[in-house]
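My numbering puts the first residue of the first sequence at 17, with every later residue one more than the last. Below: the structure, in structure tokens.
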Amino acid sequence: MRYSQMLLPTTKETPSEAEVVSHQLLLRGGFIRKLSSGIYTYLPLGLAAVQKVAQIVREEMNRAGAQELLMPMVQPADLWKESGRWRKYGSELLRFVDRHERESCLGPTHEEVITDLARRELQSYRQLPMNLYQIQTKFRDEIRPRFGLMRGREFIMKDAYSFDVSDEAAEESYRKMYDAYHRIFDRCGLDFRAVEADTGTIGGSFSHEFMVLAQTGEDTLAICDQCSYAANVEKAKVVLPEPAPPGPEQPEEIRKVETPGMKKVENVAGFLHVRPESIIKTLVYIVDGEPVAALVRGDREVQPVKLKNLLGAAEVELGDDQRIYDLTKLPIGYLGPVDLPIKMVADQEVMRMANCVCGANEKQFHLTGVQPGRDFQPAVVGDLREVSATDSCPACGGALRLTEGIEVGHIFKLGTAYSEAMNATFQDGEGRENPFVMGCYGIGVSRVVAAAIEQNHDRNGIVFPLPIAPFQAIILNLGVNSEQITAAAEKLYHDLQQRGIEVLYDDRDERPGSKFKDADLIGIPCRITVGKTFEQEGKVEMRQRSDGTTETLAIEGAADIIAREIKNRLASFGRNKQTLAE
RNA sequence: CGGGGCGUAGCGCAGCCUGGUUAGCGUGCCUGCCUUGGGAGCAGGAGGUCGUAGGUUCGAAUCCUACCGCCCCGACCA
């Protein structure tokens, strides 16, 4: 591609709307333009990057035995009513009625459509297993779109769905996808981890997220460096040391103490001269409309997803003061588990505490000398709090590390939730009808591009991993008015293309500075400069964006050397092999 | 949905508080000269319903009201 003919509007200044680095660089580099909140046009360069990722995804999905198809984006409400998600999915599902007053929605995901297809087209166990995928634009009406391509309302997703005869067979399909995902992100040149994840609204029995490690990530991960354990903090188990430390020799009796204006743990701790570890924190959540008190140690934090799972609830939210007061008439800020008239759920750690401080359920008062088990008995006790960096790995006991991650892929074992709801069955060898055992597997293709940039950039711009770079090489013609230089640059451009290299040829009549800056900004891995050195010595310069290595090459044979270098570097990606450990 | 901020040329911003000729600066864009290894220089030029609607006023980018759009924070620790 000739730069002079390409729509590639780079800017020197950072648009004020962009906060995170990938968003800034995608705008500055002329990859995307915003149409409205969370909705972007992919300009030619941005589309090229997306397509590079999509192609890797496609190759690895095909290699894993999946077949590509393309489903509609507009979906009838009836299907969603069948699965029950027309009610459950919430306002992220963009709904509308057409001219015939038919209710429809824009597909945020395609379980309903694919299950409908499967029940029509797959009748026999002989046709299974089957794995079908598409790469397509999804629409989710996010609460708050942000960070450019990281959390858009409209985005490009690869979604795959597997159909199997049994649980065991479905697990094999899952394992294949797990391996394929490793190959995909590895080939993309990303630093990532597969982590155990919560199954979320999509439902199902177990699940892994693929996380690109980057500070701008919206998720927090607990990772063990000693073993392979890694989990989203929404899921990461807290394992308490065994045996439990012995209780106090003399359990105190309850005393009521005045604590004027002391609502926060740290205030109470300071005022009563106790450590936060001795305080029981009582938080009221609204769980499916009912108030529930969650108890954790004063220095701990409730993990709401764990709370939700522990209670088997559909929706958990922390109530605001007014709402809780309306529901319970309780004195917010002075709550405690002793004689609390609402349902209580305690973190396992709370039951190990002794001589605790907690709210007295009376304004301006707390209790001391509280003994869990003696003075109160929660309805449910379990793992409720978020892991911390001081906890140990639930798998090996080693040290845990917390780190931020960007979710680029998520795989689920769905089981028969959808096939049963939608009556999607096949006939087995004995002539019986059975529901398909399903799995579903997503990759945020456009988000992969953003995540790659978050992970690979410097002060001059993007440093694309070679496999997903929109072009592999860029030729800078620094003498467009020199016939000699231009002839050499043009020839190199053609020679590299003939050798299968994806080349952007900067033939613009611009000063060298602009060309260097633009080449750095858009992150093309291999830069070839044809300029003064060529006029003087007949040589061109090859420089690698990633490590800055520079070689000066005689023009004769340069195309071969450059092409070989790019192919060698390309071959170094996708070498890591990992499989799902059972 | 709650809180905060912003909306003036393609982009980045000033002007608004304290209303008053023709609305400015930087950059980008166009023309010419010059220059050509890290976003040069000089000269000339095009480009604006000051987000929209209404109001106050002799007069509104500026004051008031409503609406629209965008961004950030929150929706998780009492």
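Backbone N, C-alpha and C define an ideal beta-carbon position, used for all residues, glycine too.
Return helix, strand or coil for residue i, following the three-state DSSP convention.
{"i": "GLY477", "result": "strand"}
{"i": "GLU572", "result": "coil"}
{"i": "HIS24", "result": "Reading the sequence as shown, one finds Leu at residue 24 and not His. It is coil, neither helix nor strand."}
{"i": "ILE491", "result": "strand"}
{"i": "GLN560", "result": "strand"}
{"i": "ILE348", "result": "coil"}
{"i": "ASP391", "result": "coil"}
{"i": "GLU234", "result": "coil"}
{"i": "PHE367", "result": "It should be noted that the sequence gives Met, not Phe, for residue 367. Three-state DSSP puts MET367 in a helix."}
{"i": "LEU299", "result": "strand"}
{"i": "LYS379", "result": "coil"}
{"i": "HIS426", "result": "strand"}
{"i": "GLU598", "result": "Any reading at GLU598 must be qualified, since the residue scores a pLDDT of 44, below 50, and its modelled position is unreliable; the value itself is stated next. The answer is coil: DSSP assigns GLU598 none of H, G, I, E or B."}
{"i": "GLU265", "result": "coil"}
{"i": "TYR56", "result": "strand"}
{"i": "SER189", "result": "helix"}
{"i": "ASN439", "result": "coil"}
{"i": "GLY458", "result": "strand"}
{"i": "GLN71", "result": "helix"}
So the beta strand (DSSP E) residue i belongs to, where does it begin and stop?
{"i": "ASP545", "result": "Looking at the sequence shown, residue 545 is not Asp but Thr. It spans 542-546 - the beta strand (DSSP E) in which THR545 sits, taken as one unbroken run."}
{"i": "ASP363", "result": "359-363"}
{"i": "MET227", "result": "222-229"}
{"i": "ARG209", "result": "208-212"}
{"i": "GLY398", "result": "396-398"}
{"i": "GLU2", "result": "An answer regarding residue 2 cannot be provided, because it is not within the stretch 17 to 598 covered by the chain."}
With a threshold of 6 Å on Cβ separation, who are the neighbours of residue i within its own chain once the five nearest residues in sequence on each side are excluded?
{"i": "VAL36", "result": "PHE163 and THR232"}
{"i": "ALA210", "result": "HIS224 and PHE226"}
{"i": "GLU98", "result": "MET438"}
{"i": "GLY349", "result": "LYS279"}
{"i": "ASP536", "result": "ASN476 and GLY477"}
{"i": "GLY455", "result": "SER178, ALA186, SER189, TYR190, LYS429 and LEU430"}
{"i": "ILE422", "result": "VAL228, ALA230, GLY233 and ALA467"}
Whose C-beta lies closer than 7 Å to the C-beta of residue i among residues of the same chain, with five residues either side of it excluded?
{"i": "GLU598", "result": "Note that GLU598 scores a pLDDT of 44, beneath 50, so its modelled location is shaky and nothing firm can be said."}
{"i": "ALA260", "result": "ARG368"}
{"i": "SER20", "result": "ASP523 and ARG524"}
{"i": "TYR341", "result": "ILE348"}
{"i": "ILE358", "result": "PRO307, VAL308, ALA309 and THR344"}
{"i": "GLN139", "result": "PHE442 and GLN443"}
{"i": "LEU520", "result": "MET17, TYR19, PHE487, ILE490 and ILE540"}
{"i": "THR30", "result": "GLN40 and ARG44"}
{"i": "THR502", "result": "ASN493, GLY495 and VAL496"}
{"i": "GLN91", "result": "SER120, CYS121, GLY123, GLU128 and VAL129"}
{"i": "ASP337", "result": "ILE348"}
{"i": "CYS204", "result": "VAL69, ILE72, VAL464, ALA468, PRO481, PRO483 and ILE484"}
{"i": "GLU158", "result": "GLY54, GLU108, ARG167 and ARG169"}
{"i": "LEU110", "result": "CYS121, LEU122, PHE155 and ASP157"}
{"i": "THR27", "result": "ARG44"}
{"i": "LEU609", "result": "An answer regarding residue 609 cannot be provided, because it is not within the stretch 17 to 598 covered by the chain."}
Taking the alpha carbon of residue i as the reference point, which residue from the options has its own alpha carbon closest?
{"i": "PRO451", "options": "THR131, CYS240 and GLN380", "result": "THR131"}
{"i": "ARG543", "options": "GLU108, GLN266 and GLU567", "result": "GLU567"}
{"i": "GLN4", "options": "LEU43, PRO92, GLN150 and GLU33", "result": "Lying outside 17 to 598, the shown extent of the chain, residue 4 is not represented and no answer is given."}
{"i": "ARG316", "options": "SER189, VAL453, PRO88 and SER294", "result": "SER294"}
{"i": "VAL273", "options": "GLY328, ALA362 and LYS379", "result": "LYS379"}
{"i": "ALA433", "options": "GLN560, ALA247 and VAL453", "result": "VAL453"}
{"i": "ALA579", "options": "ILE538, THR545, GLU518 and ARG561", "result": "GLU518"}
{"i": "GLY328", "options": "GLU33, LEU400 and GLU117", "result": "LEU400"}
{"i": "LEU288", "options": "ILE296, THR275 and VAL300", "result": "THR275"}
Could you please give the first and the last residue of the uninterrupted alpha helix (DSSP H) stretch that includes residue i?
{"i": "ILE469", "result": "461-471"}
{"i": "GLN152", "result": "Looking at the DSSP string, GLN152 is not in any alpha helix (DSSP H); the run it does join, the beta strand (DSSP E), is 146-155."}
{"i": "GLU98", "result": "93-99"}
{"i": "THR502", "result": "499-514"}
{"i": "GLY529", "result": "528-538"}
{"i": "GLY12", "result": "Any property of residue 12 remains undetermined from this structure, which presents the chain solely from 17 to 598."}
{"i": "ARG313", "result": "Element bounds for ARG313: not the alpha helix (DSSP H) but the beta strand (DSSP E), 306-313."}
Any heavy atom of the ligand FAD inside 7 Å of the beta-carbon of residue i?
{"i": "GLN71", "result": "No copy of the ligand FAD appears in this structure; indeed no ligand is present at all."}
Please list, in chain order, all residues of the same chain as residue i whose beta carbon is under 8 Å from its beta carbon, the five residues on each side excluded.
{"i": "VAL354", "result": "ILE270, CYS374, ALA376, ASN377, LEU383, VAL386, ASP391 and PHE392"}
Exercise. Using 8 Å as the threshold, is the stretch 58-66 in touch with the stretch 120-137, meaning 3 or more CB pairs across them?
Worked result: no
At a cut of 8 Å, does the stretch 480-499 reach the stretch 573-592 through at least three beta carbon pairs? yes
Are the stretch 344-353 and the stretch 323-330 in contact at 8 Å, needing three or more beta carbon pairs?
no
Across the stretch 248-260 and the stretch 407-421, are there enough close Cβ pairs to call them in contact, namely three or more that are closer than 8 Å? yes
Handout entry: Stretch-stretch touch, CB-based, cutoff 8 Å, three pairs: the stretch 161-178 with the stretch 139-149
Key = yes
Any 3 or more C-beta pairs closer than 8 Å across the stretch 447-464 and the stretch 168-175:
yes
*Quick check: the stretch 261-271 against the stretch 424-441, are there 3 or more CB pairs under 8 Å?*
no
Quick check: the stretch 304-314 against the stretch 189-198, are there 3 or more CB pairs under 8 Å?
no
Margin query: Counting beta carbon pairs with one atom in the stretch 383-396 and one in the stretch 415-424, are three or more of them shorter than 8 Å?
Written below: no
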